[in-house]
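Per full-length UniProt numbering, residue 1 is the first one in the sequence shown, and the count goes up by one each step. Just below is one structure, and these are the notes that go with it.
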Amino acid sequence: MNRRGSDQVPPREVGLELTLDGIGDLEVEEDHRLGEQKNGSYNAWLVTISCSIVHALHTASVFIGPSTLLSPMRKDLNLSVKEISLPLNVNRLINTLFLIPAGIFLDKSGTEKPLVISIIVASVVCFFWPLSTSLWQLVAIQAILAFTILMGGLTPMLIIASRMFESVEKMSMVTSILLAGFSLMGFVTPLLLGPLADRYGWRTTSYLFPTLLSVIGLPLVLRNLTSKRSEGSSRVRSLRSASTPTDGTLWMLDSTSPNMRPMGLTAEAPKENNSREPRTSPPLMTMPYFAVLGAAAGLSVCLSIVNDHLIIFLSEDVGYPLRTATTFMSFIHLIALGAKLSSGIAGQHFRKGVLLILAAISITTSALLLLEYHDSELQLTSSNVRLSLFAPFCKLIPFYKQGCSLVSPPITPPHFPTSPRLLTRYVRHALLTPVFRSIR
């Protein structure tokens with residue numbers, strides 16, 4: 001009995017020294033992890049704000065600026081309203097035809113290099129816009145700029161920003177910040193360009209935002225977006241590894257030191273987690289996705305196309321002075337700015353199905369306000385009251401995007417391919433772009 005008892009070691013002595021060493025390492029690792037989380041959170045929001053600024057300057061140079069100056073441009077080049085609308089329509093058409101191929105390309109090549117090249121090309125090509133002397137030069141410039149939107153527009157920006165965050169719940173706020181940058185620039189651009197065009201002419205005024213894109217946007221892309229991407233990717237990889245069980249009882253820890261291995265002998269990890277079978281990817285085309293796809297095609301009246309031509313419609317058809325038309329457009333984007341910021345908060349606290357219904361009602365209402373049936377045909381309204389009511393309803397669409405984020409978002413986790421995200425935009429533009437043109 002005594003010999004058998006001498007062979008036994010008290011349970012409290014098993015791995016005691018190793019366990020104490022492991023606890024010390026664990027405390028150091030925990031402090032290091034908390035420091036990385038703090039720096040990572042700061043860098044993530046820095047990248048998000050940088051994406052918002054770059055996207056705002058990019059769209060101001062490519063879309064908002066040219067659409068603001070269509071009316072003085074038309075008069076200077078002796079073009080009709082139909083002719084001066086052609087460059088932006090070509091831009092939209094190229095976006096329609098190449099959205100899915102662009103998504104496939106981004107899936108294979110990544111977003112960083114196409115984004116950098118797109119911003120560089122846009123910052124150079126936009127300087128040729130005020131040098132144009134013919135319609136076909138404008139068309140060629142917009143055709144090139146269309147590809148910069150495909151490769152360096154909102155979708156690549158959202159992908160880059162999403163890689164910086166560990167929590168998908170934060171993507172509602174990230175999306176609202178990115179969209180708010182566009183609306184903020186949409187508010188500022190017409191207010192600046194309208195008076196400047198009256199005083200200095202549209203050619204001199206057209207240099208403003210390409211210059212800002214070159215001086216501010218391009219350095220932000222090179223410094224903040226490209227340099228932070230690898231860091232964000234490593235943080236996402238560390239997050240995924242943290243969710244993978246280790247070989248012991250401390251499987252919930254993000255890492256285990258060698259000194260902690262003896263503690264792992266007390267239990268056995270789940271066998272299914274040791275398998276090397278590849279994870280199954282989420283289905284690309286689910287029934288909820290097709291439902292939202294149909295909603296996008298049925299409810300959207302291609303408000304982006306309307307916004308492209310709204311200033312020239314107000315100045316040429318309704319008879320507003322250019323400064324008044326640009327002020328009206330700025331008012332619309334100011335409403336959109338508030339809607340986009342509030343949609344991020346709403347996306348975190350309310351059911352997104354409710355937001356989808358709210359936005360669907362607003363889109364339908366805006367369509368009814370913008371269009372009117374007169375002389376046995378459908379026409380754009382010229383009523384000041386209807387136009388004033390159109391502004392707030394048409395800019396509640398950010399709630400629609402937050403509602404769609406459950407099944408067909410451009411803000412899904414990074415592993416979700418880009419091409420199916422772009423399919424919704426493809427169908428919307430392909431089916432509904434002719435609507436506005438036929439009415440116009």
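Where a beta carbon is used, it is the ideal one built from N, C-alpha and C, also for glycine.
Using 8 Å for Cβ pairs, my map puts LEU191 next to LEU57. What's the rounded Cβ distance? About 16 Å separates the two Cβ atoms, so there is no contact after all.
GLY103 - containing alpha helix (DSSP H), residue span: GLY103 -> alpha helix (DSSP H) spans 86-109.
Look at LEU88 and SER67 and say whether their C-beta atoms are less than 8 Å apart. In contact: LEU88 and SER67 (Cβ atoms closer than 8 Å).
Pair every Cβ in the stretch 101-117 with every Cβ in the stretch 128-142, then say whether three or more of these pairs are closer than 8 Å. No: fewer than three Cβ pairs fall under 8 Å.
Considering Cα atoms alone, identify which of ILE144, LEU179, LEU135 is closest to THR155. Residue nearest to THR155 within the set ILE144, LEU179, LEU135 is LEU179 (criterion: CA-CA distance).
Per-residue burial, LYS271 [other beta carbons within 10 Å of its own, 16 or more giving buried]: Residue placement at LYS271 cannot be trusted, given a pLDDT of 46 that sits under 50; what the coordinates show is reported in the next sentence. The residue in question, LYS271, is exposed, as its Cβ has fewer than 16 Cβ neighbours within 10 Å.
So for LEU212, helix, strand or coil by DSSP? Secondary structure of LEU212 (DSSP, three-state): helix.
Measure the Cβ-Cβ separation of PRO210 and SER118 and say whether it is below 8 Å. By the CB criterion at 8 Å, PRO210 and SER118 fall outside the cutoff.
CA nearest to the CA of MET171, picked from ALA44, ILE64, LEU334: For the options ALA44, ILE64, LEU334, the alpha carbon positioned closest to that of MET171 is the one of ALA44.
Once you ignore the five residues that flank ILE361 on each side, which residues in its own chain have a CB closer than 6 Å to its CB? Annotation for ILE361: no residue places its beta carbon closer than 6 Å to its own, counting only its chain and skipping 5 residues before and after.
Tell me whether the beta-carbon of HIS333 lies closer than 8 Å to the beta-carbon of SER183. Going by beta carbons, HIS333 and SER183 fall inside the 8 Å limit.
According to DSSP, is LEU371 part of a helix, a strand, or is it coil? In the structure shown, the three-state DSSP call for LEU371 is strand.
Contacts around THR48, its chain only, beta-carbon distance under 6 Å, and the 5 residues preceding and following it disregarded: Correct list, in chain order: ALA161, VAL174, ILE177.
Going by the DSSP bridge assignment, what does GLN379 pair with across the sheet? When DSSP reads this structure, GLN379 sits in a beta bridge with GLU372.
Could you tell me if ASN273 is buried or exposed, where buried requires 16 or more neighbouring beta carbons within 10 angstroms of its beta carbon? Because ASN273 carries a pLDDT of 47, less than 50, the predicted location of this residue cannot be relied on, and no value is offered for it.
In chain order, which continuous runs of the alpha helix (DSSP H) of length 4 or greater are located wholly inside the stretch 142-200? Runs of the alpha helix (DSSP H) inside the stretch 142-200: 154-162, 171-200.
Helix or strand or just coil, what does DSSP make of GLY338? DSSP places GLY338 in helix when its eight states are reduced to three.
Which of helix, strand or coil DSSP assigns to SER366: Here SER366 sits in helix by DSSP.
Can you tell me the Cβ-Cβ gap for MET329 and TRP202, rounded? I've got them flagged as a contact below 8 Å. So it is not a contact: roughly 16 Å between Cβ atoms.
Could you tell me the distance, in whole angstroms, from the CA atom of ILE64 to the CA atom of VAL139? Separation of ILE64 and VAL139 (C-alpha to C-alpha, rounded to the nearest whole angstrom) is 16 Å.
Does DSSP put GLY319 in a helix, in a strand, or in coil? Shown here, GLY319 sits in coil according to DSSP, grouped into three states, outside any helix or strand.
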